[in-house]
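Participant:
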Amino acid sequence: MTSTHSQLASDEVESEIDHEKAQRGVRLLLEAVGEDPDRDELAETWQRRVPGAFATLTKGQREAAKPTMRTFDAETTDLVVKTDIPVYSLCEHHLLPFFGTVHLAYRPNEEVVGLSKLTRYVRWQSRQLTMQERLTNDIASGLADELDAATVLVEMDATHLCEAMRGIETESTTTTRATAGEPSEAERDRFQAAINRTEGHQ
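Residue numbering for the sequence shown is 39 to 240, as defined by my numbering.
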């Protein structure tokens, strides 16, 4: 990496988080666990890598990073279903990742959004310190607002490394659901059937 490239990368990180505080924090944590932050293998860890990673992993806390939800005229008000969206987030209790998949559906009013934007929106919402329950609700209510959708359904299945790597040290899946609006029973059934088909092909 050239010095110019390195400076640009550093400026980008600093515009999103307090880079110097992040450096000091990571350095102190390394010292707290008995490491030497100045050894060659760790110098870039606290100076660049971890601050850069946290700048990316907390983009959901910054409105400027939210994807533009370009919409198109809807030709139908039938349910739009998208399943198996990957999700990666950070548990606010231990700063360890939880990850899995999101399934969602929405009933448009007059406009629909490009399908790739749904994935981008989930990714943006997930990049923050949060809990799975809150993130599921944030995706549902946020999409309802962004799309002016009559109803939104969201289901998230996730594995938490704070359980798998510490605590009970057991890997399991947690499922959470959230709804904005009032879906009909037929819409709930269609959404569940789409999830079942996705899981049946895994």
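Think of the CB as a built atom: it goes at the ideal place given N, C-alpha and C, for glycine as much as any other residue.
I want to know whether the segment 80-97 touches the segment 110-121 - three or more CB-CB distances under 8 Å.
Facilitator: Short answer: they don't touch.
Participant: With a CB to CB cut of under 8 Å and the five nearest residues on each side skipped, what residues in its chain are close to Q61?
Facilitator: Result list for Q61: W84, Q85 and P89, in chain order.
Participant: DSSP beta-bridge partners for S127?
Facilitator: Note: S127 sits in a beta bridge opposite F136.
Participant: How would you write the range of the alpha helix (DSSP H) that T214 sits in, first residue to last?
Facilitator: No alpha helix (DSSP H) contains T214, which is instead part of the beta strand (DSSP E) from T212 to G219.
Participant: Under 7 Å, do A232 and V119 count as touching if we go by C-beta distance?
Facilitator: Contact flag set, yes.
Participant: Do three or more CB pairs link the segment 124-132 to the segment 144-153 at distances below 8 Å?
Facilitator: Because the criterion of three Cβ pairs below 8 Å is not met, the segment 124-132 and the segment 144-153 do not touch.
Participant: Going straight from the alpha carbon of S164 to that of T174, what length do you get?
Facilitator: If you take the alpha carbons of S164 and T174, they lie about 9 Å apart.
Participant: Using CA atoms only, rank isn't needed, just tell me which of T157, Q230 and E184 is closest to I123.
Facilitator: Per the Cα distances, T157.
Participant: From D186, S179, A102 and A81, pick the residue whose C-alpha is nearest to that of A218; which is it?
Facilitator: If we check each option's Cα against that of A218, S179 comes out closest.
Participant: Could you tell me the boundaries of the alpha helix (DSSP H) in which A60 lies?
Facilitator: Segment H57 to A70, the alpha helix (DSSP H) holding A60.
Participant: With DSSP collapsed to three states, give me the class of K104.
Facilitator: K104 falls in the coil class under three-state DSSP.
Participant: Tell me where the beta strand (DSSP E) around T94 begins and ends.
Facilitator: Note, T94: premise wrong, no beta strand (DSSP E); alpha helix (DSSP H) at V88 to L95.
Participant: My understanding is that T213 touches T121, with C-beta atoms under 8 Å, so please give their C-beta distance in whole angstroms.
Facilitator: At roughly 14 Å, the Cβ-Cβ gap does not stay under 8 Å, so T213 and T121 are not in contact.
Participant: Does A178 come out as helix, strand or coil in the three-state DSSP assignment?
Facilitator: If DSSP states are grouped into helix, strand and coil, A178 belongs with the helices.
Participant: Could you tell me which residues DSSP puts in a beta bridge with A232?
Facilitator: Partner(s): none; A232 has no beta bridge.
Participant: So, helix, strand or coil for E193, using DSSP?
Facilitator: The answer is strand: DSSP assigns E193 an E or B state.
Participant: Once DSSP output is grouped into helix, strand and coil, what is the label at A224?
Facilitator: Helix, per DSSP.
Participant: Comparing C-alpha positions only, which one of H141, L66, K155 and A102 sits nearest to E54?
Facilitator: Looking at the Cα atoms, A102 is the closest of the given residues.
Participant: Could you spell out the range, first to last residue, of the beta strand (DSSP E) harbouring T109?
Facilitator: Residues T109 to D111.
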